[in-house]
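When the letters of the sequence shown are read in order and numbered with the numbering used here, they come out as residues 4 to 314.
Everything on this sheet refers to the single structure shown next.
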Amino acid sequence: MISLETKLPGLDLKNPIMPASGCFGFGREFSELYDLNKLGAVVIKAATLNPRYGNQTPRVAETAAGMLNSIGLQNPGVETICSEELPFLSQFKTPVIANVAGSTIEEYVAVAKRLDESGLIQALELNISCPNVKEGGVQFGKDPVLAAEVTAQVKETVALPVYVKLSPNTADIVQMAKAVEAGGADGLSMINTLTGMQIDLSSKKPLLANQTGGLSGPAIKPVAIRMVYEVRQHSGLPIIGMGGISAAEDVLEFLIAGASAVAVGTANIHDPFACVNIIDRLPQLLEKYGFQNVEEAIGGGNRNEANVSRS
Numbered sequence: 004m005i006s007l008e009t010k011l012p013g014l015d016l017k018n019p020i021m022p023a024s025g026c027f028g029f030g031r032e033f034s035e036l037y038d039l040n041k042l043g044a045v046v047i048k049a050a051t052l053n054p055r056y057g058n059q060t061p062r063v064a065e066t067a068a069g070m071l072n073s074i075g076l077q078n079p080g081v082e083t084i085c086s087e088e089l090p091f092l093s094q095f096k097t098p099v100i101a102n103v104a105g106s107t108i109e110e111y112v113a114v115a116k117r118l119d120e121s122g123l124i125q126a127l128e129l130n131i132s133c134p135n136v137k138e139g140g141v142q143f144g145k146d147p148v149l150a151a152e153v154t155a156q157v158k159e160t161v162a163l164p165v166y167v168k169l170s171p172n173t174a175d176i177v178q179m180a181k182a183v184e185a186g187g188a189d190g191l192s193m194i195n196t197l198t199g200m201q202i203d204l205s206s207k208k209p210l211l212a213n214q215t216g217g218l219s220g221p222a223i224k225p226v227a228i229r230m231v232y233e234v235r236q237h238s239g240l241p242i243i244g245m246g247g248i249s250a251a252e253d254v255l256e257f258l259i260a261g262a263s264a265v266a267v268g269t270a271n272i273h274d275p276f277a278c279v280n281i282i283d284r285l286p287q288l289l290e291k292y293g294f295q296n297v298e299e300a301i302g303g304g305n306r307n308e309a310n311v312s313r314s
């Protein structure tokens with residue numbers, strides 16, 4: 004029988020599939036459609052210190068191969084998340100990863116500390132890559148010094164494992180991975196969205212109120228695969244890969260490129276059963292391509308590359 008189990012720092016996953024932050028809310032609506040115990044983990048929507056109402060509308064646009072969004076980290080604030088959302092998720096035997104956002108290093112630390120103290124999550128994901136906020140977000144994700152500093156200060160404050168979500172909107176993602184590794188990160192999440200724009204032909208102006216937004220969906224999968232592959236060659240940190248995953252074949256590509264688990268984002272919006280359909284299909288696909296389990300598939304691409312280099 005094909006095993007889907009995989010291990011990450013602080014996370015023993017029954018399978019490598021989890022919904023990406025921001026595309027699953029806090030799981031309540033999806034729990035009415037299927038049993039959340041089927042998921043490998045749940046990554047909740049970003050938490051900030053205070054409630055955020057997000058950017059002005061319109062803030063979502065469909066493109067030919069994905070979606071542009073400029074939500075702006077809308078969330079009810081970390082206190083409400085800890086008191087109302089996390090207790091709901093704790094009834095499931097599925098690890099919860101909390102996405103942490105902030106405008107300053109101090110805010111990142113305060114939010115991470117509050118979530119750690121809740122005792123209701125198993126890991127943190129530092130969001131230093133959101134392209135849709137004026138302060139924080141990708142401001143940290145483009146600067147290796149800032150990225151290392153926020154990682155180090157959060158790590159000094161919490162006992163939970165810390166994953167850092169990297170932005171593709173940088174000249175050298177390997178440099179960013181090395182920076183947060185030096186800051187003490189336990190793992191990486193990659194990638195976030197690529198900055199894009201859509202023009203409204205009637206008004207002849209950008210369609211989104213924020214002008215730019217983050218492009219997600221099938222269009223960014225080749226970029227994400229390339230970045231996971233490159234980072235895997237230069238960093239020892241485990242990777243949660245994401246970017247355009249909508250089928251089990253996409254998952255296997257990410258595993259072979261070097262990811263140890265994956266997050267499904269935009270696919271949940273047009274097919275709310277995307278995650279469980281992938282979980283059901285994955286064993287058959289692993290067997291088809293000669294893998295006995297998920298662990299065997301992880302990094303297969305890099306191992307093949309190393310073998311070619313040595314021969």
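Ideal Cβ positions, reconstructed from N, Cα and C, are used throughout, including at glycine.
Since this is a predicted model, take the numbers as computed values, not measurements.
Per the contact definition of three or more C-beta pairs closer than 8 Å, is the stretch 74-84 in contact with the stretch 32-41? Cβ pair count under 8 Å is below three, so no.
Ends of the beta strand (DSSP E) at K224? In the DSSP annotation of this structure, K224 is not part of any beta strand (DSSP E); the continuous alpha helix (DSSP H) holding it starts and ends at K224 to H237.
Is the CB-CB distance between I223 and P164 below 9 Å? Note that the C-beta distance between I223 and P164 is not below 9 Å.
Spatial distance of N195 from K96 (CA atoms): Cα to Cα, the separation comes out at about 27 Å.
Compute the distance between the beta-carbons of A188 and L118, then report whether it is under 9 Å. Inclusion of A188 and L118 in the CB contact set at 9 Å is not warranted, their separation being larger than that value.
Residue interval of the alpha helix (DSSP H) (run including E35): In the DSSP assignment, E35 falls outside any alpha helix (DSSP H), carrying neither H nor E.
Ignoring anything shorter than 4 residues, give me the alpha helix (DSSP H) runs that lie fully in the stretch 73-114, in order along the chain. Whole alpha helix (DSSP H) segments, 4+ residues: 89-92.
Per DSSP, which one or two residues make a beta bridge with K168? K168 pairs with N130 and S192.
To the nearest angstrom, how far is it from the Cα of P54 to the Cα of T60? Looking at the two C-alpha atoms, the distance is approximately 18 Å.
Beta-carbon within less than 7 Å of A270's beta-carbon, same chain only, minus the 5 sequence neighbours each way: which residues are those? So the list reads I248, S249 and A277, once near-sequence residues are dropped.
I'd like to check one pair, V114 with L191: are the Cβ atoms closer than 9 Å? Pairing L191 with V114 gives a Cβ-Cβ distance that is not under 9 Å.
L11 lies in the beta strand (DSSP E); which residues open and close that run? Annotation for L11: the continuous beta strand (DSSP E) segment containing it runs T9 to L11.
Which of the three DSSP states is assigned to I301 in this structure? Three-state result, I301: coil.
In terms of residues, what are the limits of the alpha helix (DSSP H) holding T160? Looking at the DSSP string, the run of the alpha helix (DSSP H) that includes T160 is P147 to T160.
When the Cα of A262 is compared with those of E290, P241, S93 and P147, which residue comes out closest? Of E290, P241, S93 and P147, the residue nearest in Cα terms is P241.
By DSSP's criteria, A274 is part of a beta bridge. Which residues make up the other side? A quick correction: the sequence has Asp, not Ala, at residue 274. None, per the DSSP bridge assignment.
Among residues of its own chain, excluding the 5 on either side of S312, which ones have a beta-carbon nearer than 6 Å to its beta-carbon? Any answer about S312 is weak, because its pLDDT of 49 lies below 50 and its placement is not dependable; what the coordinates show is given next. The beta carbon of S312 sits closer than 6 Å to no other beta carbon from its chain once the five residues preceding and following it are set aside.
Span of the beta strand (DSSP E), counted from its first residue to its last, around M21: Start and end: I20 to P22.
Cβ neighbours of L127 in the same chain (closer than 6 Å, five flanking residues each side left out): Contacts found: A101, V103, A115, L163 and V165.
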